[in-house]
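Trainee:
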Amino acid sequence: MGLEAYVNYVESPENGLRQEKKIDKMAYMLQYKPLEYIAIREFRSTDIQGSDIKKRIEKMSDLQCFNLRVMAADKQSDVGRLGSNSDQEFTQRNTYMSFDMQNDIYLLDGDDTLPCGLFQYVNNYGLAPYADFVLAFANNDMQKNEDKTFVYEDKLFGGGIVKFQIRKEDIENTPMLKIN
Amino acid sequence: MPTAFLFLCVVALFILFGMQWQKQDNIVYVNVQQVYDEFQLKKELESKLTNVQQARKTMLDSLELSLKVLSGKIENSLQRDAERENNFIVLREEYVLKKNQFDEDNALMTRQYSEQIMKQLNEYTQEYGKQNGYTYILGAEGSGSVMYASEKRDITKDVLDYINRRYKGEAKVQ
Chain V
444 MGLEAYVNYV
454 ESPENGLRQE
464 KKIDKMAYML
474 QYKPLEYIAI
484 REFRSTDIQG
494 SDIKKRIEKM
504 SDLQCFNLRV
514 MAADKQSDVG
524 RLGSNSDQEF
534 TQRNTYMSFD
544 MQNDIYLLDG
554 DDTLPCGLFQ
564 YVNNYGLAPY
574 ADFVLAFANN
584 DMQKNEDKTF
594 VYEDKLFGGG
604 IVKFQIRKED
614 IENTPMLKIN
Chain U
400 MPTAFLFLCV
410 VALFILFGMQ
420 WQKQDNIVYV
430 NVQQVYDEFQ
440 LKKELESKLT
450 NVQQARKTML
460 DSLELSLKVL
470 SGKIENSLQR
480 DAERENNFIV
490 LREEYVLKKN
500 QFDEDNALMT
510 RQYSEQIMKQ
520 LNEYTQEYGK
530 QNGYTYILGA
540 EGSGSVMYAS
550 EKRDITKDVL
560 DYINRRYKGE
570 AKVQ
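Sequence lines, in order, name chains V and U.
Numbered continuously in the working numbering, the first sequence closes out at residue 623.
Numbered continuously in the working numbering, the second sequence closes out at residue 573.
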């Protein structure tokens with residue numbers, strides 16, 4: 444599969460690697476990111492050498508990566524200000540999203556519970572009506588062939604415990620990337 | 400002509416019967432209490448709440464015991480000990496403060512958890528209804544909102560299975 448088709452495949456909700464859940468006024472979207480996908484996205488070009496992709500993949504081989512997007516269900520309202528006009532609450536929300544939220548996220552990988560090892564809140568300063576988080580967990584080779592359940596215990600937006608299951612079949616069925 | 404008219408009447412009857420049948424088929428009900436009680440999120444949050452409340456109770460029990468011991472010492476001492484009495488007052492105030500705070504926090508947690516459960520429950524039930532083409536899913540809860548419904552229309556088990564699988568994170572639930 445070519446680079447563009449590969450990216451489209453990974454981002455297509457039908458293939459199970461991207462999932463969305465709406466809970467009341469909030470919507471949560473999880474994207475599982477195969478390492479090839481990350482490498483392609485980082486190079487931002489379709490003219491990439493296969494060796495470059497392989498090198499990048501090797502560097503990240505001990506990680507399993509996800510993107511989490513939290514947005515209002517109407518996909519228009521600013522999540523930082525949703526349901527509140529108070530500046531103090533806005534600052535508290537930002538602080539939570541920048542630091543404390545990491546502790547409320549974990550990955551059930553087979554029999555293991557993996558804490559969120561890498562966490563980055565992509566602050567768009569209200570320019571987009573969503574909050575993006577880049578996340579990574581340790582890659583446990585022993586559990587590679589198990590379903591993964593991503594868990595976010597939402598203490599900010601009122602959604603409660605939000606779970607996404609990435610099935611091992613969907614990971615295994617991801618087509619091979621055709622690289623030179 | 401009479402044959403054609405008869406044919407049209409029969410077709411019309413079939414359509415009407417079909418529509419009626421479909422209408423009846425689109426109204427189902429669930430046992431709300433059963434769905435709520437057996438919803439996995441409810442069980443998980445209930446367990447969390449119990450743990451937190453238990454930890455708080457242990458802390459309060461410990462303070463209460465200290466208070467009782469101190470009170471016993473004060474009552475049994477032959478001479479008045481101002482420092483001990485002062486300690487008792489401070490400890491009692493701490494106990495009352497903590498108890499009030501814990502009571503408030505427990506009530507808040509219970510309310511927040513209930514809201515979270517209901518939000519997800521409603522969302523998944525709506526999804527289930529849309530996916531299966533139901534016009535109405537009524538909630539029977541024994542309060543008189545649904546006085547009678549045939550057991551054939553009870554989809555509690557199916558809804559429970561669906562919402563628990565969706566809660567666990569399954570993306571595609573058939």
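For every residue, glycine included, the Cβ atom is placed at its ideal position computed from N, Cα and C.
Going by C-alpha distance, which of V:Ile604, V:Met444, V:Asn588, V:Ala482 is nearest V:Glu612?
Mentor: V:Asn588
Trainee: Counting contacts by CB-CB distance shorter than 9 angstroms, is U:Gln530 in contact with chain V?
Mentor: no
Trainee: Quick check on V:Pro572: does DSSP put it in helix, strand or coil?
Mentor: coil
Trainee: For V:Lys464, which option in V:Ala516, V:Lys498, V:Asn451 has the closest C-alpha, if you only look at C-alpha atoms?
Mentor: V:Ala516
Trainee: Under the three-state reduction of DSSP, which class applies to V:Asp530: helix, strand or coil?
Mentor: Assignment of V:Asp530 by DSSP, reduced to helix, strand and coil, places it in the helix class.
Trainee: At 7 angstroms on the CB atoms, spell out the chain U contacts of V:Asp467, in chain order.
Mentor: Lys518, Glu522
Trainee: By Cβ distance, which residues of its chain are closer than 7 angstroms to U:Lys498, with the 5 residues on each side in sequence left out?
Mentor: Its chain contains Leu459 as the residues whose beta carbon lies nearer than 7 angstroms to that of U:Lys498, once the 5 sequence neighbours on both sides are disregarded; these appear in chain order.
Trainee: Mind checking who V:Phe580 pairs with in its DSSP beta bridge?
Mentor: V:Gln507
Trainee: Could you say which of U:Ile426, U:Ala570, U:Glu474, U:Arg564 lies nearest to V:Ile609 if we only look at CA atoms?
Mentor: Of the listed residues, the one whose Cα sits closest to V:Ile609 is U:Ala570.
Trainee: Compare the C-beta of U:Met418 against all C-beta atoms of chain V and say whether one is closer than 9 angstroms.
Mentor: With a pLDDT of 49 at U:Met418, under the threshold of 50, the modelled position of that residue is not reliable, and no figure is offered here.
Trainee: Is there a Cβ of chain U sitting closer than 9 angstroms to that of V:Pro456, yes or no?
Mentor: yes
Trainee: What do you reckon, are the CB atoms on V:Leu599 and V:Asn510 nearer than 9 angstroms?
Mentor: Against a cut-off of 9 angstroms, the Cβ pair of V:Asn510 and V:Leu599 comes out as no contact.
Trainee: Out of V:Lys468, V:Ile483, V:Ser455, V:Ala482, which has the shortest C-alpha to C-alpha gap to V:Gly601?
Mentor: V:Lys468
Trainee: Give the residues from the segment 426-443 of chain U that approach chain V closer than 8 angstroms (Cβ to any Cβ), ordered along the chain.
Mentor: Leu440, Glu443
Trainee: Check whether the Cβ atoms of V:Tyr573 and V:Val522 lie closer than 9 angstroms to each other.
Mentor: yes
Trainee: Pull up the distance between the alpha-carbon of U:Glu484 and that of U:Gln511, whole angstroms please.
Mentor: 40 angstroms
Trainee: At a CB-CB cut-off below 7 angstroms, which residues of chain V make contact with U:Tyr566?
Mentor: Lys606
Trainee: I need the straight-line Cα distance from U:Tyr566 to U:Glu550, nearest angstrom please.
Mentor: Their Cα atoms are separated by approximately 26 angstroms.
Trainee: Quick one: is V:Thr592 near chain U, going by C-beta distance under 9 angstroms?
Mentor: yes
Trainee: Could you spell out where the alpha helix (DSSP H) holding V:Ile614 opens and where it closes?
Mentor: 611-615
Trainee: Would you tell me roughly how many angstroms separate the C-alpha atoms of U:Thr555 and U:Leu462, rounded to the nearest one?
Mentor: For U:Thr555 and U:Leu462, the gap between their C-alpha atoms comes out near 46 angstroms.
Trainee: Return yes when the Cβ of V:Pro558 is within less than 9 angstroms of the Cβ of V:Phe580, no when it is not.
Mentor: yes
Trainee: Verify whether the separation of the beta carbon atoms of V:Arg512 and V:Tyr471 is less than 9 angstroms.
Mentor: Here V:Arg512 is near V:Tyr471, since their CB atoms are less than 9 angstroms apart.
Trainee: Looking only at its own chain, which residues have a Cβ that is under 6 angstroms from the Cβ of U:Tyr523, when we skip the five neighbours before and after it?
Mentor: Cβ neighbours of U:Tyr523 beyond the five flanking positions: Ile562, Arg565.
Trainee: Would you mind reading off the limits of the alpha helix (DSSP H) that contains U:Glu482?
Mentor: 481-530
Trainee: Mind listing which residues of the segment 536-558 of chain V have their C-beta closer than 8 angstroms to chain U's C-betas, in chain order?
Mentor: Residues passing the 8 angstroms Cβ filter: none.
Trainee: Alpha carbons only, please: which of U:Asp560, U:Tyr547, U:Gln515 is nearest the one belonging to U:Val427?
Mentor: U:Tyr547
Trainee: List, in chain order, every chain U residue whose beta-carbon is nearer than 8 angstroms to that of V:Gly601.
Mentor: Gln511, Glu514, Gln515, Lys518
Trainee: Within the same chain, show all residues whose beta-carbon is closer than 8 angstroms to that of V:Arg524, passing over the 5 residues directly before and after it, in chain order.
Mentor: Phe533, Gly569
Trainee: Would you say V:Phe519 lies against chain U (beta-carbon separation less than 9 angstroms)?
Mentor: Just to set this straight, residue 519 of chain V is Gln in the shown sequence, not Phe. No, because no Cβ of chain U sits closer than 9 angstroms to the Cβ of V:Gln519.
Trainee: Taking DSSP as the reference, what is the three-state secondary structure of V:Asp543?
Mentor: helix
Trainee: Cα separation between U:Glu474 and U:Val468?
Mentor: 10 angstroms
Trainee: Need the endpoints of the alpha helix (DSSP H) that V:Asn443 sits in, please.
Mentor: Absent from the structure is residue 443 of chain V, since the part of chain V shown begins at 444 and ends at 623.
Trainee: Mind listing the chain U neighbours of V:Gln531? Cutoff is C-beta to C-beta under 9 angstroms, in chain order.
Mentor: Per Cβ cutoff of 9 angstroms: no residues; V:Gln531 is ~19 angstroms from chain U at best.
Trainee: How would you list, in chain order, the residues of chain U whose beta-carbon sits under 9 angstroms from the beta-carbon of V:Gln563?
Mentor: Those do not exist, as V:Gln563 stays about 23 angstroms from chain U at its closest Cβ, beyond 9 angstroms.
Trainee: Whole angstroms is fine: what's the gap from V:Met503's alpha carbon to U:Ser513's?
Mentor: 41 angstroms
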